[in-house]
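Trainee: If you scroll down you'll find the structure; I have some questions about it.
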Amino acid sequence: MDRSLHAGPTHRLGRTVRDPWGALFVGLCRGATAAVAVVLLWVFGEIARRGAPRVSWEFLTGTPTAGMTEGGIFPAVFGTLAVTSLMILIALPAGVFAAIYLVEYAGQGRMARLIRAGVANLAGVPSIVFGLFGVGFFVLFVGRNIDKVLGTGLLFGQPAILWATATLSCLVLPVVIVATEEALRAVPQSHREGAYALGATKWQVVSRVVLPQARGGILTGAILAISRGAGETAPILFTGCAYYLPRLPVTKLFGVIPMVNPFDQFMNLSYHIFIMATQSTNTVATQPIQYATTLVLLGLTFAMNLAAILLRSRFRRQVRQGR
Amino acid sequence: MPTAATPVLEIRALSFYYGKTRAIEDVSLQVAPHEVLALIGPSGCGKSTLIKAVNRICEVATEVRIEGDVLLNGESVYGKDVDVTALRRRVGMVFQKPNPFPKSIYDNVAFGLRLLGLGGREVNERVEASLRAAALWDEVKDRLTHSAMSLSGGQQQRLCIARALAVEPEVILMDEPCSALDPIATQKIEDLLEELRRRLTVVIVTHNMQQAARVSDRTALMWLGRMVEVDQTKKMFTAPTQKITEDYINGRFG
Chain A
321 MDRSLHAGPT
331 HRLGRTVRDP
341 WGALFVGLCR
351 GATAAVAVVL
361 LWVFGEIARR
371 GAPRVSWEFL
381 TGTPTAGMTE
391 GGIFPAVFGT
401 LAVTSLMILI
411 ALPAGVFAAI
421 YLVEYAGQGR
431 MARLIRAGVA
441 NLAGVPSIVF
451 GLFGVGFFVL
461 FVGRNIDKVL
471 GTGLLFGQPA
481 ILWATATLSC
491 LVLPVVIVAT
501 EEALRAVPQS
511 HREGAYALGA
521 TKWQVVSRVV
531 LPQARGGILT
541 GAILAISRGA
551 GETAPILFTG
561 CAYYLPRLPV
571 TKLFGVIPMV
581 NPFDQFMNLS
591 YHIFIMATQS
601 TNTVATQPIQ
611 YATTLVLLGL
621 TFAMNLAAIL
631 LRSRFRRQVR
641 QGR
Chain B
2 MPTAATPVLE
12 IRALSFYYGK
22 TRAIEDVSLQ
32 VAPHEVLALI
42 GPSGCGKSTL
52 IKAVNRICEV
62 ATEVRIEGDV
72 LLNGESVYGK
82 DVDVTALRRR
92 VGMVFQKPNP
102 FPKSIYDNVA
112 FGLRLLGLGG
122 REVNERVEAS
132 LRAAALWDEV
142 KDRLTHSAMS
152 LSGGQQQRLC
162 IARALAVEPE
172 VILMDEPCSA
182 LDPIATQKIE
192 DLLEELRRRL
202 TVVIVTHNMQ
212 QAARVSDRTA
222 LMWLGRMVEV
232 DQTKKMFTAP
242 TQKITEDYIN
252 GRFG
């Protein structure tokens, strides 16, 4: 064997190569991550520390008393849950159908591109603008005109759960649409072609191949929408939420089936925090309640997200395992 | 062997445009029943486009324009009243990269049958028959409910063949079906072609000269979107009439 070609190792293994710029970059990344973690922990820690002592079963199930300096927050918990659930019930199907149309059917025409750009821009509109749009369009225009046509006096043309839900749905619609669009685009074109080659119609390709694979991504959109919608104050400010409404906004359908009354107003956790912090007669006295309410709102949002996250991981497992 | 009988597939003076780019120019080709025809030629010569024009899968994702005609058993596939879903059931396709759906092995093969609204025992029987016909049954019969993604690349490709066979096509188009597979998996698919030709007609695009020589009755060479030469495979590989064919087969270009 000719050894001249292999005269021995020129470099030792195990010696660290000096790379100061690389080390600096990694250091920056670590620092940024640490900063985020510290801020997050501090915010959560502070809210938990100050809020937790005030949270009790009575607090969660009671109504505000003594000028809202005492008592519980159940009407606000109920209102937040009701409005957020109704919101996602409207926004999810509407957003998913819109995204399916945009991705699978609309093509690349000028109109379709315009709508896509519009949706993306809608996601960046400040929420107070949605609030003003809600009161102007839904309450005053749509509601008042329904009243005029049906002769229902002042039933539709006033702030109510119905319009607050509609306004919140508009706010989170672009979130659902964008997330769903991405989920649909992530399905490989080869799977679509495979289905077409077996004689599938467009709708069969979408419903049997594309949607089952996109379910996880669509749920991500739902999670983001819930997170965004549950904590918003501005869109519901003028469209349905109440300063103080100790009874629950419920009615009985046909006098029997209990349901949320869409024509009633409602209390809401984030709005409750806002008024206690700024509008209360004694903001210092309400501070513990503010922290506790914030803690409950965070917990509620997290619980709703958790449900969606669990569902999503089940879908992902199904796609992976091919069920 | 090709006969004077009615061709199952006839391509007549076909030109094909993606937007303004012409991919195929004036190509004619006849394929006899139970024939295996290999389509060879350098990358980008229009082989894939040609077979994608046969089952009209080319129309799915892009704007295309077609001149000329394609006849299936004498009937134009570009006719006004043609139902493309019916066409694609009669002309199956196997793609370059195995593309099983992320569903169970069973559900993959049953997919086309369920599109027809079939169910129950009939689907069971045809799934088994198709998996047997694709020489995959013995390997998967105990794990039909497992994900198709758990199969090896070669098994996935045979699953895709089984999936195509399930709807009982008359012609099957294969677009470089072995290009992503190892030699043993390739061998299995080539053996399979020998069986398949008994029940249907095969058009196979390939980059592999040996494969074309091994599996096909006739070979067609395309070059820059045109048909250069079509002949008995044996004759094509031993005594081609065109200079281009000789050069290509001997690896002097492409």
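Residue numbers (the numbering used here), protein chains in the order written: chain A, 321 to 643; chain B, 2 to 255. Just so you know, even glycine gets a beta-carbon here, dropped at the ideal spot from N, CA and C. Keep in mind the model is a prediction, meaning the values are calculated, not measured.
Report the partner residues of residue 77 (chain B) according to the DSSP bridge assignment.
Mentor: Note: residue 77 (chain B) sits in a beta bridge opposite B:72.
Trainee: Applying the 10 Å Cβ sphere with the 16-neighbour rule, what's the burial state of residue 483 (chain A)?
Mentor: Answer is buried; the Cβ neighbour count reaches 16.
Trainee: Which value, in whole angstroms, describes the spacing of the CA atoms of residue 142 (chain B) and residue 191 (chain B)?
Mentor: Straight-line Cα distance between these residues: approximately 22 Å.
Trainee: Suppose the cutoff is 6 Å on Cβ atoms and the five residues either side in sequence are ignored; what does the same chain contact list for residue 557 (chain A) look like?
Mentor: Counting only Cβ-Cβ distances below 6 Å, and skipping sequence neighbours, we find 451.
Trainee: Per the contact definition of three or more C-beta pairs closer than 8 Å, is the segment 164 to 172 of chain B in contact with the segment 128 to 138 of chain B?
Mentor: Touching, yes.
Trainee: Runs of 4 residues minimum, wholly inside the segment 555 to 641 of chain A: which ones carry the alpha helix (DSSP H) assignment?
Mentor: The qualifying runs are 589 to 598, 607 to 641.
Trainee: When we look at the beta-carbon of residue 602 (chain A) and count the other beta-carbons within 10 Å, is it buried (16 or more) or exposed?
Mentor: With fewer than 16 other Cβ atoms within 10 Å, it is exposed.
Trainee: Closest to residue 173 (chain B) by CA distance: which of B:96, B:67, B:48 is it?
Mentor: Of the listed residues, the one whose Cα sits closest to residue 173 (chain B) is B:96.
Trainee: Which one or two residues does DSSP pair with residue 19 (chain B) in a beta bridge?
Mentor: Looking at the DSSP assignment, residue 19 (chain B) forms a beta bridge with B:22, B:65.
Trainee: Quick check on DSSP: helix, strand or coil for residue 93 (chain B)?
Mentor: Strand, per DSSP.
Trainee: Please classify residue 463 (chain A) as buried or exposed, where buried requires at least 16 other C-beta atoms within 10 Å of its C-beta.
Mentor: Buried, by the Cβ-count rule.
Trainee: Tell me whether the beta-carbon of residue 503 (chain A) lies closer than 8 Å to the beta-carbon of residue 537 (chain A).
Mentor: Yes, Cβ-Cβ distance for residue 503 (chain A) and residue 537 (chain A) is below 8 Å.
Trainee: Quick check: the Cα distance between residue 50 (chain B) and residue 59 (chain B), rounded to an integer number of angstroms?
Mentor: Taking the straight line from one Cα to the other gives about 7 Å.
Trainee: Looking at the secondary structure, which residues open and close the alpha helix (DSSP H) in which residue 158 (chain B) lies?
Mentor: Run containing residue 158 (chain B): 154 to 167, per the alpha helix (DSSP H) assignment.
Trainee: Between the alpha carbons of residue 524 (chain A) and residue 111 (chain B), how many angstroms are there, rounded?
Mentor: The straight-line gap from Cα to Cα measures roughly 14 Å.
Trainee: With which residues is residue 227 (chain B) paired in a DSSP beta bridge?
Mentor: B:224, per the DSSP bridge assignment.
Trainee: Show which residues of chain A have a CB atom less than 8 Å away from the CB atom of residue 86 (chain B).
Mentor: Going along chain A in sequence order, the residues near residue 86 (chain B) (Cβ under 8 Å) are 519, 520, 521.
Trainee: Got a sec: is the Cβ-Cβ distance from residue 28 (chain B) to anything in chain A below 8 Å?
Mentor: Not an interface residue.
Trainee: What residues of chain A sit near residue 56 (chain B), judged by a beta carbon separation below 9 Å?
Mentor: Simply 516, 517.
Trainee: Can you give me the C-alpha to C-alpha distance between residue 198 (chain B) and residue 36 (chain B), rounded to a whole angstrom?
Mentor: Cα-Cα distance, rounded: 7 Å.
Trainee: Starting from residue 176 (chain B), trace the beta strand (DSSP E) both ways and give me its first and last residue.
Mentor: Where residue 176 (chain B) is concerned, the enclosing beta strand (DSSP E) stretches over 172 to 176.
Trainee: Based on DSSP bridge pairs, tell me the residues matched to residue 108 (chain B).
Mentor: Looking at the DSSP assignment, residue 108 (chain B) forms no beta bridge with any residue, so it has no partner.
Trainee: Could you tell me which chain B residues have their CB closer than 7 Å to the CB of residue 510 (chain A), listed as they occur along the chain?
Mentor: Going along chain B in sequence order, the residues near residue 510 (chain A) (Cβ under 7 Å) are 96, 98, 100.
Trainee: Is there at least one Cβ from chain A nearer than 8 Å to residue 112 (chain B)'s Cβ?
Mentor: At least one chain A Cβ lies under 8 Å of residue 112 (chain B).
Trainee: For the segment 52 to 68 of chain B and the segment 232 to 243 of chain B, state whether three or more C-beta atom pairs, one from each stretch, are separated by less than 8 Å.
Mentor: Contact fails: fewer than three Cβ-Cβ distances are below 8 Å.
Trainee: Suppose the cutoff is 7 Å on Cβ atoms and the five residues either side in sequence are ignored; what does the same chain contact list for residue 492 (chain A) look like?
Mentor: The answer, listed in chain order, is 407, 411, 545, 548, 549.
Trainee: Assuming residue 395 (chain A) and residue 481 (chain A) are in contact, meaning their beta carbons sit under 8 Å apart, how far apart are those beta carbons, in whole angstroms?
Mentor: Residue 395 (chain A) to residue 481 (chain A), Cβ: 12 Å. No contact.
Trainee: Mind pulling the chain A residues with CB within less than 8 Å of residue 93 (chain B)?
Mentor: The answer, in chain order, is 517, 518.
Trainee: Taking the alpha carbon of residue 7 (chain B) as the reference point, which residue from B:53, B:114, B:205, B:31 has its own alpha carbon closest?
Mentor: Here the closest residue by C-alpha is B:31.
Trainee: Tell whether a beta-carbon distance below 8 Å holds between residue 498 (chain A) and residue 439 (chain A).
Mentor: Yes, the pair counts as a contact, with Cβ atoms nearer than the cut-off.
Trainee: Go through its chain and collect everything with a Cβ distance to residue 584 (chain A)'s Cβ below 7 Å, but skip five positions before and after it.
Mentor: Taken in chain order, the residues that qualify are 480, 481, 569.
Trainee: Pick out whichever of B:152, B:131, B:67 has its Cα sitting closest to the Cα of residue 104 (chain B).
Mentor: Among B:152, B:131, B:67, the Cα nearest to that of residue 104 (chain B) is on B:152.
Trainee: Counting Cβ pairs, one atom from each stretch, are 3 or more of them under 8 Å apart for the segment 108 to 124 of chain B and the segment 64 to 78 of chain B?
Mentor: In short, these stretches do not touch, since the Cβ pair count stays below three.
Trainee: Mind pulling the chain A residues with CB within less than 7 Å of residue 73 (chain B)?
Mentor: Per Cβ cutoff of 7 Å: no residues; residue 73 (chain B) is ~14 Å from chain A at best.
Trainee: State the Cα-Cα distance for the pair residue 12 (chain B) and residue 428 (chain A), rounded to the nearest angstrom.
Mentor: Going by the C-alpha atoms only, they are around 31 Å apart.
Trainee: Could you tell me whether the Cβ of residue 20 (chain B) comes closer than 8 Å to any Cβ of chain A?
Mentor: It does not: the Cβ of residue 20 (chain B) has no partner Cβ on chain A nearer than 8 Å.
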